[in-house]
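For reference, the structure discussed in these notes is given below.
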Amino acid sequence: MRGFRFFAGCALALPLIAALAPAQQPPPAQQAQPPAQQTQRITPNFKDADITQIAEAVSAATGKNFILDPRVRAQVTMFSSTPMSPPAFYEAFLAMLQVHGFIAVPAGDVVKIMPDANARQIPSIDLPDRVSRTSDEIVTQVIDVRNVAAAQLVPILRPLQPA
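Per the working numbering: the sequence shown ends with 444, consecutive numbering throughout.
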């Protein structure tokens, strides 16, 4: 009987002690925060700005690194009436480069900005398997041409020579 009283007393005291104990709330659940780059909106408004200023703004918005050829010089105007995402800002930047005769060439972790005329001299996507697509290696590939007169090839090959 004594054991039953002890057990009953403990059973009655336990809810009282639990009620008096300060309740701990579970820690708030960590919500997945989208990266700032995805939620950031940019409204580019540049009037007669140097192209390097716009490249800096695109770099800050997208996290991309740019190398500008010394010949890349222009005063450009770029307006947008609505905010755009960083990827859309980058696409608008590429369109602006094309309008001004420049090209953006990805090379590993950087994007090279150069005159469009130099695009013929950079590696293309049909490289041999031994060469990485992000490599800056210059590749010379000899292609056998059959059944074509040399005079017909001259106008095709002449523009490929550097100026």
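All residues carry an ideal CB built from backbone N, CA and C; glycine is no exception.
Asked                                                                                                         : Found
Cβ contact (3+ pairs, closer than 8 Å) linking the stretch 351-369 and the stretch 427-436                    : no
Beta-carbon proximity of Ile335 to Lys393, cut-off 8 Å                                                        : no
Three-state secondary structure assigned by DSSP to Met395                                                    : strand
Unbroken beta strand (DSSP E) run spanning Ile437, endpoints                                                  : Counting along the chain, Ile437 falls outside any beta strand (DSSP E), though it belongs to the alpha helix (DSSP H) covering 431-438.
Inter-residue Cα distance where the pair is Leu441 and Val435                                                 : 10 Å
Outcome for Ile343 when other beta-carbon atoms lying within 10 angstroms are tallied against a minimum of 16 : The sequence as given places Thr at residue 343; Ile does not occur at that position. Thr343 should be labelled buried.
Separation of Met377 from Pro354, as counted between CA atoms                                                 : It should be noted that the sequence gives Arg, not Pro, for residue 354. Each residue's alpha carbon lies about 13 Å from the other.
Whether Asp397 touches Asn346 by CB criterion (8 Å)                                                           : no
Host beta strand (DSSP E) of Val386 (start-end)                                                               : 383-388
Pair within 8 Å by beta-carbon distance, Met359 and Pro325                                                    : yes
Residue(s) in a DSSP beta bridge with Ala330                                                                  : Val357
Same chain, Cβ closer than 7 Å to Thr333, neighbours up to 5 away in sequence not counted                     : Leu349
Short Cβ contact (8 Å threshold) for Ala373 with Gln356                                                       : no
Option in Phe383, Arg439, Arg322, Ile323 with minimal Cα separation from Arg352                               : Phe383
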